[in-house]
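The opening position of the sequence shown corresponds to residue 0 in numbering that gives the first Met the number 0, with each subsequent residue numbered one higher.
Glycine included, every Cβ here is placed at the ideal spot set by N, Cα and C.
Every value quoted in this text rests on a predicted model; they were computed, and no experiment measured them.
First up is the structure itself, then whatever we jot down about it.
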Amino acid sequence: MTQEELAGELNVTRQALSNWERDVNEPDLNMLKKICFLFGVNMDDFAKEVITKME
Numbered sequence: 000m001t002q003e004e005l006a007g008e009l010n011v012t013r014q015a016l017s018n019w020e021r022d023v024n025e026p027d028l029n030m031l032k033k034i035c036f037l038f039g040v041n042m043d044d045f046a047k048e049v050i051t052k053m054e
């Protein structure tokens, strides 16, 4: 999936998506839910993975 396709699915600009990928900005919680749903990832599992990487 390209940035353009993913941005379209999430109803955001490609630039917004690019900024998230480059840690310029972060998506809000509702957007994270949409991303998890789109990729079939459980939100709890995603959060645990992020926390583990931060430790």
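Coil, strand or helix - residue i by DSSP
i: N18; result: helix
i: V49; result: helix
i: D91; result: Any answer about residue 91 is impossible in this case: the structure gives the chain only from 0 up to 54.
i: M42; result: helix
i: E54; result: coil
Counted within 10 angstroms of its Cβ, other Cβ atoms place residue i as buried (16 or more) or exposed
i: L16; result: buried
Whole-Å CB distance - residue i paired with residue j, under 8 Å assumed
i: L5; j: K33; result: Actually they do not touch by this definition, with Cβ atoms about 10 Å apart.
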